[in-house]
Amino acid sequence: MPCFTRSDLTTLFHAFAARMADERTFLGELDGEIGDADHGVAMANGFDAAAQALLRAEGSGQGLAGGFNLAAQELLNAVGATTGPLYASALTRAGEVFGEVASVPLARLPELVIAICEGVERRGQGKPGDKTMLDAWGPAAHVAARGLNASVGPVVLLREAAQAAAKGAEDTRAMMAARGRAARLGPRSIGHLDPGAVSAAALMDVLAEWARHHEEIA
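To convert, take the position in the sequence shown, counting from 1, and add 259; that gives the numbering used here.
And the structure:
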C-alpha cells in the first residue's frame, strides 16, 4: 500500500515552491488589481523557505507533525500580512491531524485538504463567499470529506478536489471582497479574481498531481 512519509512531505513542498515560483508574476498582477501586489512574492518566498527547511531537517528523525510544524514556522517567518499566519495555522492543524509518525497510508492524504481548510478558518474567522483563499480551500475540503466517507481513492479524490478549488477560485470574480485589503474597495472588487484563492487552487493542483505521480511510482 502506498504511503505518505516525512520525506514525501519534503518533495511535496518542493513541488509547491516550484509552482509558486512559476506563478509569482501572475499572482502579483492579480494582487495589484485589488491589493498591494505582493502575494506572488510572498507565496514564492514562503514556500521556498518551508521547502528548504524541510530538506535541511531530513534524517533528523522528525515525523510528519514535526515537519508540518517546521513548515508552518518557516512560512510565518517568511511571509507577512495575513497569508503567513493563515498558512501557518493550516499547517499546524495538519500536524495535529497526522501526528508525529513516520508515515501514513496515501489514502489519508485528502485529510490534508480538510486540515488546511480548518486551520485557515480557525485563524481567519472567515467563510466561503468572502472572496478569500477559503473560496478555493472550502470547496476542495468539502469534496475531500465527502470522498473520504465514500472511500474514493486518493488520486481520483484529490483531482476532484483540485477541480472544485479551481472553480471556487474562478467564482471569486463575481464576489465583493468582505475581508483583507480588497474589502476597502467595496463593489470595485467585483470583476477581479482573488489572488489568495488562485494560489490556493494552484497548490491544490500540485497536490493532486503529486499524488498521481507518487501512486504511479509506488
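All C-beta atoms, glycine included, are put in the ideal place defined by N, C-alpha and C.
All of these numbers come straight from a predicted model, not from anything done at the bench.
Could you check if residue i is buried or exposed, using at least 16 other CB atoms within 10 Å of its CB as the buried criterion?
i	result
A310	buried
S448	buried
T284	exposed
S458	buried
A348	A small fix is needed here, since residue 348 is Ser in this sequence, not Ala. By the 10 Å Cβ count, S348 comes out buried.
G450	exposed
L462	buried
P446	exposed
R278	buried
In the DSSP assignment, the beta strand (DSSP E) including residue i goes from what residue to what residue?
i	result
S362	362-364
DSSP three-state label for residue i, please.
i	result
T264	strand
H472	helix
G412	coil
M279	helix
I293	helix
L452	coil
S458	helix
G287	helix
G320	coil
M463	helix
G406	helix
T391	coil
Just curious, the alpha helix (DSSP H) that residue i is in, first and last residue?
i	result
S348	342-357
M302	298-315
L444	From DSSP, L444 is part of no alpha helix (DSSP H); its letter is neither H nor E.
R381	369-383
Q332	323-337
Can residue i and residue j be called in contact, C-beta distance under 7 Å?
i	j	result
L368	A470	yes
L329	F263	no
G294	A441	yes
G354	A312	no
V356	E370	yes
F306	A276	yes
A428	V402	no
A424	A460	yes
V363	G322	no
L407	L466	no
E333	A308	yes
Does residue i have its Cβ less than 7 Å from a Cβ in chain B?
i	result
E377	The structure shown contains no chain B; it holds only a single protein chain.
With contact counted as at least three CB pairs below 8 Å, one residue from each stretch, are the segment 428-443 and the segment 370-379 in contact?
no
With three or more beta-carbon pairs closer than 8 Å as the criterion, would you say the segment 338-346 touches the segment 382-396?
yes
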